[in-house]
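> The numbering of the sequence shown is my numbering, which starts it at 16 and goes up by one.
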Amino acid sequence: MLQRAGRTGEASLMNNLNKPPFPSPKRSWYMVALLTLAYFISYIDRTVIGLLVGPIQADLGVTDSQMGLLLGLAFGIFYATMGLPLGWLADRTRRVSIVSCAIALWSAATALCGLASNYLHLFLLRMSVGVGEAALSPCTMSMVADSFPKEKRGKAIAVYSMALSLGTATAYYAIGALLAALRGVEVLDWPLVGAIRPWQAVFIIVGVPGLLLALAMLTVREPVRRDLKQGTSSAPWLMFRYLFSNWKTYLTFVLPFCLMTTVAYTHFWMPEMFVRTWGMEAPEFAKTKAIVTLVCAPATVFSAGALSDYLVRRGQDNAPLAIAVAGTFLFVPTGFLIGLMPGTTSAFIVLGMSLVGIATTTATGLTALLMITPPQFRGQISAVYYMAISITGLTLGPSTVGWLSDWFNEGTGFAGFDAFLESVFPGVTGLKGLALAFASVPLIYGSIVLLLAPVTLRCFRRELARIGEN
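Structure representation (structure tokens):
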């Protein structure tokens with residue numbers, strides 16, 4: 016028995032010695048910095064359209080329901096479905112090249128949105144933005160896992176996730192300043208482009224910088240793939256077999272994040288809601304939203320990631336998911352309340368609280384996913400995860416708000432509901448249909464997330480225990 020234990024220990028030692036060393040911290044963090052910048056730019060390109068709802072509707076003559084499809088489905092349909100084949104490529108080929116090409120594609124498509132002359136053109140270009148952005152996070156998760164040990168991944172992923180809030184803040188502030196500068200301008204005449212409207216100019220200005228980043232990404236050295244057992248395969252059918260054999264763990268993990276994303280993506284409608292509900296001008300909203308986001312979100316993301324690493328180092332491997340779940344108990348109720356506030360000041364205060372909850376959830380959710388996913392499937396399962404949350408979040412979130420807004424504005428669904436809300440929230444009078452629709456999504460989908468939280472945590476702990484035994 017002692018002899019067998021000795022052989023086992025020797026085999027374990029040899030296995031560790033044969034593993035390639037992690038890249039130097041300098042090289043790893045340089046990679047994270049460029050990936051974070053890419054995510055930062057991607058989120059600006061993704062969200063810029065939310066600040067241009069009014070001008071686009073005025074020029075192209077589209078309804079709230081149609082705009083909801085443009086905000087969500089147009090981007091989400093390929094962002095979701097292309098993630099899986101791109102994740103498969105990420106598990107088999109050079110990830111740095113994939114990311115570079117992806118950045119070039121979505122940046123060019125964003126700039127070309129500035130040349131769109133009708134709803135169909137804009138819809139198709141938004142689909143192209145989705146194709147490009149679909150490659151980024153699956154490749155990032157795979158590269159981070161190969162560049163950092165598990166007790167240091169939380170901080171790296173938190174830094175990457177900070178780009179979401181920083182990108183949102185920058186988008187709102189910079190685009191708000193652009194809109195303010197272009198206020199009163201009807202048409203711009205640019206060389207090579209010709210006569211364009213101000214909203215078209217914004218798309219071009221936002222899209223072009225990403226083309227430079229696509230070139231810079233090629234300076235990153237491809238990380239060596241780690242922890243792959245000899246003879247393992249990343250074939251898609253094996254990945255799906257693994258998912259189905261562990262369906263309860265992944266279903267209870269992914270479903271709540273799908274519904275959380277649905278609530279988060281209603282924020283595409285937030286600029287227009289502030290304009291319609293409180294008469295706030297879009298540039299003023301954009302700058303205020305940027306400040307609130309910068310104050311509340313980046314520090315929360317980094318702190319949550321650091322706390323996750325601290326707890327994992329002390330043996331609490333369930334900490335990443337527990338922290339993410341805690342965030343939902345803040346952002347779901349506050350998300351419901353934003354549009355029901357009596358004025359913009361109170362609405363921004365509640366929005367800040369909601370952003371803290373969203374930042375907490377996004378900071379550690381992906382860290383938890385990597386902990387239960389085999390190395391050879393990380394790119395593909397990350398892609399499946401993004402496909403699931405994108406299909407639900409980008410289609411249900413903005414579209415549900417658009418449909419409900421038209422429904423409430425037509426008076427069909429308004430009777431009695433406004434009076435009920437006024438009785439619960441004194442001082443809230445004359446609510447617009449868009450504000451009611453915005454409040455409805457967290458109430459509908461967010462409640463399910465809160466009910467599923469105990470089940471999600473229990474299944475995650477069980478899977479961690481199973482992995483530990485094996």
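Yeah, the Cβ is synthetic: ideal placement off N, Cα and C, and Gly gets one too. Source: prediction; values computed, not measured.
For S397, which of I219, S152, L458 and T277 has the nearest alpha-carbon?
Closest option to S397, Cα to Cα, is S152.
> Could you check the C-alpha separation between T185 and S57 for me, to the nearest Å?
Their backbone Cα atoms lie some 12 Å apart in a straight line.
> Which residues does DSSP list as the beta-bridge partners of D204?
In the DSSP output, where bridge partners are listed per residue, D204 has A210.
> Counting only the same chain and skipping the five closest in sequence on each side, list residues whose C-beta sits under 6 Å from that of G428.
With a pLDDT of only 48 at G428, under 50, the local geometry of the prediction cannot be trusted, and the value read off the model is given with reservation. For G428, where only same-chain residues beyond five positions count, the Cβ hits under 6 Å are W422.
> Under the rule that 16 or more other beta-carbon atoms within 10 Å means buried, what is A131, buried or exposed?
By the 10 Å Cβ count, A131 comes out buried.
> State the DSSP-derived secondary structure class of T78, mapped to helix, strand or coil.
In this structure, T78 counts as coil in the three-state DSSP scheme.
> What residues in its chain sit with their C-beta under 6 Å from that of M254, if we drop five residues either side in the sequence?
F392 and Q395, listed in sequence order.
> Count the C-beta pairs between the region 267-279 and the region 132-150 that are closer than 8 Å, then say yes if the count reaches three, no if not.
The answer is no - the region 132-150 does not touch the region 267-279, with fewer than three Cβ pairs under 8 Å.
> Under 8 Å: do the region 200-210 and the region 165-180 share three or more Cβ pairs, one atom per stretch?
No, they do not touch.
> Are L381 and F475 closer than 8 Å when you measure CB to CB?
No, Cβ-Cβ distance for L381 and F475 is not below 8 Å.
> Got a sec, what are the start and stop residues for the alpha helix (DSSP H) R241 sits in?
Premise fails: R241 is in no alpha helix (DSSP H) and is neither H nor E.
> Enumerate in chain order the residues of its own chain whose CB-to-CB distance from A403 is below 7 Å, with the five nearest sequence positions on each side excluded.
If we look at A403 and ignore the five residues flanking it on each side, its Cβ neighbours are V269 and C273.
> So what's Q331 in DSSP terms, helix, strand or just coil?
In this structure, Q331 counts as coil in the three-state DSSP scheme.
> Assuming L194 and R291 make a contact with CB atoms under 8 Å, what is their CB distance in whole Å?
Not a contact, Cβ separation roughly 17 Å.
> Quick check: the region 156-171 against the region 37-47, are at least 3 beta-carbon pairs closer than 8 Å?
Yes, the region 37-47 touches the region 156-171.
> Less than 8 Å separating the beta-carbons of M232 and F453?
No.
> Quick check: what's the CA-CA separation for T62 versus A312?
Whole-angstrom Cα-Cα distance: 16 Å.
> Quick one: measure Cβ to Cβ for S162 and P38, integer angstroms, because I've assumed they're closer than 8 Å.
So it is a contact: roughly 5 Å between Cβ atoms.
> Could you tell me which uninterrupted beta strand (DSSP E) segments, each at least 3 residues in length, are contained entirely in the region 158-209, listed from first to last along the chain?
Whole beta strand (DSSP E) segments, 3+ residues: 203-205.
> For the alpha helix (DSSP H) containing W491, name the first residue and the last one.
Only positions 16 to 485 of the chain appear in the structure, and residue 491 is not among them; the question remains open.
> Is G246 buried or exposed, if buried means 16 or more other CB atoms sit within 10 Å of its CB?
Note that G246 scores 49 on pLDDT, short of 50, meaning its location in the model is unreliable and no value can be drawn from it.
> What's the call for G445, buried or exposed, on a 16-neighbour Cβ count within 10 Å?
At G445 the pLDDT is 45, less than 50, meaning the model places this residue with poor confidence; the figure from the coordinates comes in the next sentence. Classification of G445: exposed, given that the 10 Å Cβ count is below 16.
> Ordered along the chain, which non-local residues of its own chain (more than five positions away) have a Cβ less than 7 Å from that of W418?
Once the five neighbours on either side are set aside, the close Cβ partners of W418 are S80 and G83.
> Let me make sure I understand the geometry here. Which of F218, Y401 and S115 has the alpha-carbon closest to that of I92?
Ranking F218, Y401 and S115 by Cα distance to I92 puts Y401 first.
> Output yes or no for whether 8 Å exceeds the beta carbon distance between T2 and I463.
This structure leaves residue 2 out entirely; the chain is present only between 16 and 485.
> Helix, strand or coil for G372? Go by DSSP, reduced to three states.
Residue state, collapsed to three classes: helix.
> What residue range does the alpha helix (DSSP H) around E148 cover?
Its alpha helix (DSSP H) spans residues Y134 to E148.
> Using a 10 Å radius around the Cβ and a threshold of 16 neighbouring Cβ atoms, would you call Q331 buried or exposed?
Exposed is the call here.
> Going straight from the alpha carbon of I338 to that of R42, what length do you get?
If you take the alpha carbons of I338 and R42, they lie about 29 Å apart.
> Just tell me which of N133, M285 and T375 has its CA closest to the CA of W413.
Rather than Trp, the amino acid found at residue 413 in this sequence is Pro. Measuring from the Cα of P413, the nearest candidate turns out to be M285.
> In its own chain, which residues sit with a C-beta less than 7 Å from the C-beta of M275, not counting the 5 before and 5 after it?
Once the five neighbours on either side are set aside, the close Cβ partners of M275 are T343, T376 and V464.
> Go ahead and label A210 buried or exposed: buried means 16 or more other beta carbons lie within 10 angstroms of its beta carbon, across all protein chains shown.
With fewer than 16 other Cβ atoms within 10 Å, it is exposed.
> If you draw a straight line from the alpha carbon of V239 to that of R109, how long is it in whole angstroms?
Distance between the alpha carbons of V239 and R109 is about 10 Å.
> Where does A131 fall in DSSP's three states?
Three-state DSSP puts A131 in coil, outside helix and strand.
> Could you round the C-beta distance between A319 and A378 to whole angstroms and report it? I think they count as a contact, below 8 Å.
At roughly 4 Å, the Cβ-Cβ gap stays under 8 Å, so A319 and A378 are in contact.
> By Cβ distance below 8 Å, which residues in the same chain neighbour P164 in space, the five residues on each side in sequence not counted?
Here the set comprises F37.
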